[in-house]
Amino acid sequence: MATVQNSVEAKGIVVALKGNAWLVDPDGSRRLLKVGDEVQEGQRVVTENGAELELSLPNGQQVSVASARELLIDATLLGTAPLDATEAALKDLNSGASDLAQALAAGGDLLTELDPTAAGLTGGEASDSHGFVRVLRIVEAVDPLSIGRGPDDVTNDLNLYVGTATGLAEGEVPPVPGITLVPTITLDANITANDIINQAEAGQNIPITGVVAGDAKVGDTVTLTVNGNTFTGLVQADKSFSIEVPGADLVADPDKTIQASVSTTDAAGNTASASDTEGYQVDTAPQYPRSRWMPTSQQTTSSTKPKQTKTSPSPASSQAMPRSVTPSP
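If you read the sequence shown in our numbering, its first letter stands for residue 189, the second for the next number, and so on.
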């Protein structure tokens, strides 16, 4: 059976776009579409809620994709599907007319003289007919899933109807299969100047800071868990966050470790989360200032010792020795 296939790579072109739409590759990666972008076979076009997109096909037809829809770009849509050349050849359908005339002239029974028609469970032979049946188009117009077009575009309309995923509310964007979000979160290394909670800081609120990256975005919620309690904050414009935690909870935390997590969701409903931990120390012993002055006795060093002076008693200060006096006779 001979086949004919277009060897030129066919592409569709985005000619109109209102709102956001994504092009999803077969490997699951995606990127935002803009007017002038090309779409190829195997890719998918996904529109967000409220978006409208129009593609120009290689055959000149226009295809509209409405809000919250997903369209697979395949060979049939692009017009590159292989065709059987023999299917376009028409057999001489007048050949049976002469058989009919001969049967009538001979007075024969048409039911026995002619081939049976394609009726019943087994059908008839394909001697005077084509051996294939082709369904050219099936159009199922189910309001409101039909794509509205202006009156001037009706003749060029492809009559494309794309349904929404089950279980979704009206206008809700269905998640895109195969897309994986990868957010990250990192806590700063020190929660105080020396990463140690002292006695004064134990009575204060300590700001716990860090950054997010990857698919995490501005406005996502960051959750901290300390001493069994949770504290939340939002990601700022520079992808950083700062959440105050009471010093008393930091001191009372059993393992002196902060748990942090961030959760993110994209416009198509895909969700993901990331987490990080950071340890710290606690030293709430009283801190006494060291005096600048020390007692004189403690300022003596081994190299400077007081000199010892031995003093001998002077003769004048010596005690007179008693003398024995004998009276004269």
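Note that the Cβ used here is the ideal one computed from N, Cα and C, for glycine as well.
Here the structure is a predicted model, which is why all the values come from computation and not from measurement.
Asked	Found
Can the beta-carbon of T418 be found closer than 8 Å to that of I446?	no
Mind checking whether A204 and L241 have CB atoms under 8 Å apart?	yes
If V406 sits next to I373, beta carbons under 8 Å apart, how far is it from one beta carbon to the other, in whole angstroms?	The Cβ separation is near 14 Å, so there is no contact.
Would you list the residues sitting across from N382 in a DSSP beta bridge?	DSSP, once it has assigned bridges, lists no residue as partnering N382.
Which residues in the same chain have their Cβ closer than 7 Å to the Cβ of L259, if we skip the five residues on either side of it in sequence?	R232, V233, V253, V350
By alpha-carbon positions, which one of I379, G207, A460 ends up nearest to D408?	A460
Identify which residue in I379, T397, G398 has its Cα closest to the Cα of A390.	I379
Nearest CA to the CA of T453: which residue from G402, G467, E432, S428?	G402
Determine the closest residue to L527 out of N386, V450, V400, with distance taken between C-alpha atoms.	Absent from the model: residue 527. The displayed extent of the chain is 189 to 517, so no value can be given.
Got a sec? Which residues, its chain only, sit under 8 Å from A436 by beta carbon, not counting five neighbours each side?	A390, G391
Put D287 into one of helix, strand or coil per three-state DSSP.	helix
Using only CA atoms, which one of A239, G224, S217, I201 lies nearest to A209?	A239
Hey, how far is the Cα of A198 from the Cα of L220?	21 Å
Check each candidate in G416, Y468, G457, A425 and name the one with the smallest Cα separation from I396.	Y468
I394 bridges to which residues according to DSSP?	V433
Can you tell me which of A388, L369, A381 puts its alpha carbon nearest to the alpha carbon of A456?	L369
Going by DSSP, which residues form a beta bridge with T526?	Residue 526 lies beyond the residue range present for the chain, which begins at 189 and ends at 517; the question has no answer from this structure.
Assign D441 to buried or exposed, taking buried as 16 or more other Cβ atoms, counted over all protein chains shown, within 10 Å of its Cβ.	buried
Using the C-alpha atoms, what's the distance from P214 back to Q162?	As displayed, the chain neither begins before 189 nor continues past 517, which places residue 162 out of reach and without an answer.
Pull up the DSSP beta-bridge partners for L241, would you.	L205, V253
Assign L221 to one of three DSSP states: helix, strand, or coil.	coil
Can you tell me whether DSSP reads Q487 as helix, strand or coil?	Note on Q487: pLDDT 49, under 50, position unreliable in the model; no value is reported.
Between the C-alpha atoms of S244 and N458, what's the straight-line distance to the nearest angstrom?	29 Å
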